[in-house]
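Heads up: the sequence shown is residues -23 to -1, 1 to 921, going by mature numbering (1 follows the signal peptide of the UniProt record, and there is no 0). Note that beta-carbon positions come from the ideal geometry of N, C-alpha and C, so glycine has one too. A quick note: this is a predicted structure, and the numbers were derived from the prediction, not measured. The structure under discussion appears below in the form of structure tokens.
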Amino acid sequence: MKTISHKEILLYCIFLISISSFAQHKSDREQLVIDKDWRFSFGHLYDTQKDFGHAEGYFSYLSKTGFADGPAAPGFDDRAWRKLDLPHDWAVEQSFSNKASFSHGFKAAGKGFPEKSIGWYRKKITIPESDKGKIISLKFDGVFRNSKVFFNGYFLGTEESGYNGFEYDVTAYVNYGAENTIVVRADASMEEGWFYEGAGIYRHVYLQKTNLLHVIQNGTYVTSEITADNARITAQVTIENKGSYTGTIEILQTIVDAAGKEVANSSENATAPDFYKMAKYTSKLKIQNPLLWDIDSPNLYRLITQIRQEGKIIDRYETNFGIRTIEFDPEKGFFLNGKAVKLKGTNNHQDHAGIGTALPDELQYYRIKKLKEMGSNAYRCSHNPPTPELLEACDKLGMLVIDETRLMGINAYHLNNLKRLIERDRNHPSIFCWSVGNEEWNIEGGIVGERITNVMQGFSKSIDPTRPVTVGISSGFKSGISSVVEIMGYNYIGNGDIDAHRNEFKTQPGMGTEEGSTFATRGIYFTDDAKQYQSAYDKKPRPTFYSIEEGWKFYATRPYLAGMFIWTGFDYRGEPTPYGWPSVTSYFGMMDVCGFPKDNVFYLKSWWGTAPVLHLMPHWNWSGMEGKEIDVWVQSNCDEVELFLNKKSLGRKKMEQYGHLEWKVQYKPGTLEAIGYKNGKKILTEVQQTTGDPETIQLSRDPENPLNSNVSVVTVEVTDKKGLHVPTANNEIEFAIKGGKILGVGNGDPTSLEKDIFIDDINLVAITNFEERKQVSNAVANQSVLDDANAWTAAFKDRDYKNQASAYIYRGRFELKNNLQSNIVDFFYKKIGVNESVFVNGNLINASKEDSQKYHLDRTVLKEGTNIITIRASPLQKVKDWDVMNTDPGIVRIITPSESWKRKLFNGYAQLIIQKDESGSEVILSASAKGLKAGVLNIGEKKK
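The following block contains the structure:
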């Protein structure tokens, strides 16, 4: 027997301690993103046959548990469906139609298009045997809209709103160690908003695994109180018990800073909740010399909540939070951490050029960075709960947020939605105000609005008493909601007398929740109603609306107003006021739908920021207008600006605070130059130069995207032979990519009806007129057999399954509208027998190697119009009398490959959203156009 040394014993003890330590920190919680590898197809709003026979069964999923049918059934054959990854917006993929919704940007989807209003999604996942004993749930960040979710054929529930996150417990339905099927049916036929909303699973989906005893979703609530050099942290956690354990648990709370260093901790014993009950537990912690969350220094902390049961860590839940103070003063405005901050905000919807509402996470950061570059410090979610990644970007980049629910009301639908919003978002330090409504004209000025506001305001306070509540109001500021809301939200100066309201309600703080609503088309300097282009000069858009400059002067010069939120930061699809078709996007944005700046951006940058700014407009390419006067504007925060045309001074002017400068200049080709002065010294120069014709395509990656990012924003432009950007270029550019894929393309043109996304067209063609006849001999089902018209009957009609023939011949028809050389045609056979042989137009077709029930149909065997498909098979036999036999022979899928990605430049620019693939190879994007030198961009390798 070997003697163990003291050294070996010591090493063994250290090993045991390390194993124990690892076990203490490992929990049963696991959250997996399941965005990849879904199948998708359109259903139909009211024709159940076109909706794949869904809800046609004798027993429905609402009458008997587990009786989902059609695509909701786990055994449904979805091989012919399109493969895709989430997030996905099917509306943006559609063409434009003047019969489609004005508010949704005339995309041919949703109401009025029943064949494009229902979307089916299916995904198969394997859940291992080792997960038995855990709670398994599906989490959705948002599905637009009216979604039904099924798991292994079991109906889980319906979520009406397209903006709510939701979760379903599927533990009882799991096939452990085997395949599981997730199915989502989204119904986007009805609109929730009057703006583009997309369609489908446009936010992330997760598979979550937890212990039976666990922190519920959004189950932590962290608040702080700052005293002297300390921050007193209150950490509340809600724990649920879906098991039978009734003993003591230990709740461990640990706070770490951005570097991962522990700064506070607590531990306390508690009694576990009863079976299927929840309980709240509160811990107190203290942080010495906390780093405050601020606009310029968005310091974040992380609360790590752990549950220990019988010495083992069974759950670990992490919460990001920030420490800061907020205050509204009715005389002095808004204060952050005791410092006065003028709110310089924008309203925004959630779509982006090319990709609709299905934004990759990187795009959230891109858009917030663009707003911050403009000088903005606040963001209003208009008019719905945002995706969680937007709030994460605001937390990390330092952007204040008004978080808004979708609809006012006092019943379960309204208050439950508000509760879910607040509980999901209340740990975000960026959020400084809840908004419970916007422009509810029917109730704003009356007692009903007052009652609803009082209820929603009090309800909000019961969930989160740390933030105030506002409502955006536009139909006068006198009574109703205006008289009771905690923070008055003024929508537009012209809609009422703001000063008079303030004098009547002197203890009520206020801010401009919407202002501006101006019209501008990027790069356009003469309004052209025939083309539906609006001049980019900042002008009063309508009698009761004010320019951006007028609006900012009003709010900036009134200390009692906390600030204003411009309508809008970015253009968005839909609401193309003041026009209609063929305009498909708004004109309100400070930036277009791509994020390319309009000239108003530089006005705001001048007065919202601190850095010197000098911007000269318009461009100086005005061929054919020689000798005519051009309005020249300068946006700047310099003391004085002098303007030169071809080195000749046109005068030096002083800049008024919150103003801009103007000159009338007779056009001559050449160089227009502005020089800005501060304290008498020249500090900035800006030039607009007449360019030559377009010559070279330039591709550039947005510098805000880190090199290891999976998604990149690429700017497309052309330059002349001197390398100068051509601001009037409208060339059509064609794109090709290796090592990645293009997600979407745009250019900011409000009237462009070009495609946003170029994808293969998939057409599923049913087999019709399906007939059968008994095969009494071993004859092959060739043309001579088919010509015999005798003995053909409707397939499977009145079939006596106890007395079947040894084999049957089946025939049906399918239609081909065209038989293009590029089309890919496949028949996906669904088993109606065994030992089958398949013929098309008399030609024997062999099954594919990768799928024995898939048959590729070569173009040479197909013809325009009607094609005949014939199947010889021995019949399936019923095992039980009640067995339901398949009578569907399958479906023909026709793929028409997409044309190449392309887009016209609009006033010199276009944009692509690029995503790297998983190969890790470099991404090469190339762009070409007739008469131009091609452009190539190497985006680099994927992060390892």
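query	result
Tell me the rounded alpha-carbon separation between LYS718 and PRO64.	15 angstroms
Quick check on this structure: which residue in SER260, PRO520, LYS625 and LYS93 has the alpha carbon closest to the alpha carbon of ILE470?	PRO520
Within a Cβ cutoff of 6 angstroms, which residues of the same chain sit near GLU813, ignoring the five residues on either side of it in sequence?	ILE848 and ALA850
Between ALA335, ILE387 and ILE300, which lies nearest to ASN207 when the distance is taken from Cα to Cα?	ILE300
Buried or exposed for TYR778, please, with buried defined as at least 16 other CB atoms from any protein chain shown within 10 angstroms of its CB.	exposed
When the Cα atoms are used, what is the spatial distance from PRO486 to LYS582?	26 angstroms
Could you tell me the distance, in whole angstroms, from the CA atom of LYS508 to the CA atom of LEU914?	34 angstroms
When DSSP labels each residue in this structure, what does TYR837 get in the three-state scheme?	It is worth fixing the name first, because residue 837 is Thr in this sequence and not Tyr. Note: THR837 maps to helix in three-state DSSP.
DSSP three-state call for THR443: helix, strand or coil?	coil
As an exercise, report each continuous beta strand (DSSP E) stretch of at least 3 residues that is fully enclosed by the stretch 138 to 184, in chain order.	143 to 146 and 155 to 164
Helix or strand or just coil, what does DSSP make of GLU639?	strand
Can we count LEU392 as close to the ligand GDP, meaning its CB is less than 7 angstroms from some heavy atom?	With respect to the ligand GDP, the structure shown offers nothing to examine, as it has no ligands at all.
Are the CB atoms of GLY96 and GLY175 nearer to each other than 8 angstroms?	no
Within 8 angstroms of any Cβ in chain D, is that where the Cβ of VAL869 sits?	Annotation note: the requested chain D is absent from the structure, which comprises a single protein chain.
Could you name the residues that DSSP lists as bridge partners for GLY371?	In the sequence as displayed, the identity of residue 371 is Cys instead of Gly. None, per the DSSP bridge assignment.
Would you mind reading off the limits of the alpha helix (DSSP H) that contains GLU245?	Counting along the chain, GLU245 falls outside any alpha helix (DSSP H), though it belongs to the beta strand (DSSP E) covering 239 to 248.
Less than 8 angstroms between the C-beta atoms of THR692 and TYR549, yes or no?	no
Express the C-alpha separation of LYS807 and ASP865 in angstroms, rounding to a whole number.	6 angstroms
Quick check on TRP15: does DSSP put it in helix, strand or coil?	strand
Say whether the stretch 232 to 250 touches the stretch 432 to 446, bearing in mind that this needs 3 or more beta-carbon pairs closer than 8 angstroms, one atom from each stretch.	no
Within 10 angstroms of the Cβ of LEU797, are there 16 or more other Cβ atoms? Answer buried if so, exposed if not.	exposed
Who are the Cβ neighbours of GLY572 in its own chain at under 6 angstroms, not counting the five residues just before and after it?	LYS347
With C-beta atoms as the reference, is LEU115 less than 8 angstroms away from PHE127?	no
Assign ALA(-1) to one of three DSSP states: helix, strand, or coil.	At ALA(-1), the pLDDT of 38 sits below 50, so the modelled position is not reliable and the matter cannot be decided from this model.
Alpha helix (DSSP H) containing ALA389: first to last residue?	389 to 402
With a Cβ-Cβ cutoff of 8 angstroms, do GLU526 and GLY716 count as a contact?	no
The beta strand (DSSP E) that contains ALA533, what's its start and end?	No beta strand (DSSP E) holds ALA533; the alpha helix (DSSP H) holding it covers 525 to 533.
If we call anything under 8 angstroms between Cβ atoms a contact, is GLU70 one with ILE801?	no
Starting from the Cα of GLY375, find the closest Cα among LEU367, GLU381 and ARG293 and give me that residue.	LEU367
Check this for me: beta carbons of residue 936 and ALA713, under 8 angstroms apart or not?	Absent from the model: residue 936. The displayed extent of the chain is -23 to 921, so no value can be given.
Which one of ALA824, THR498, ASN266 and GLN185 has the shortest CA to CA distance from ALA205?	ASN266
Considering only C-alpha positions, which residue in the set PRO363, LYS319 and LYS455 is nearest to TRP584?	LYS319
Spatial neighbours of ASN246 within its chain, please: CB distance less than 7 angstroms, with the 5 preceding and 5 following residues excluded, ordered by chain position.	THR225 and GLU227
Can you have a look at PRO275 and say buried or exposed, based on whether 16 or more other CB atoms are within 10 angstroms of its CB?	buried
My parser needs the beta strand (DSSP E) runs of 3 or more residues fully inside the stretch 607 to 688; what are they?	617 to 622, 625 to 631, 638 to 643, 648 to 655, 658 to 666 and 673 to 678
Alpha carbon to alpha carbon, what distance is there between ARG99 and PHE17?	7 angstroms
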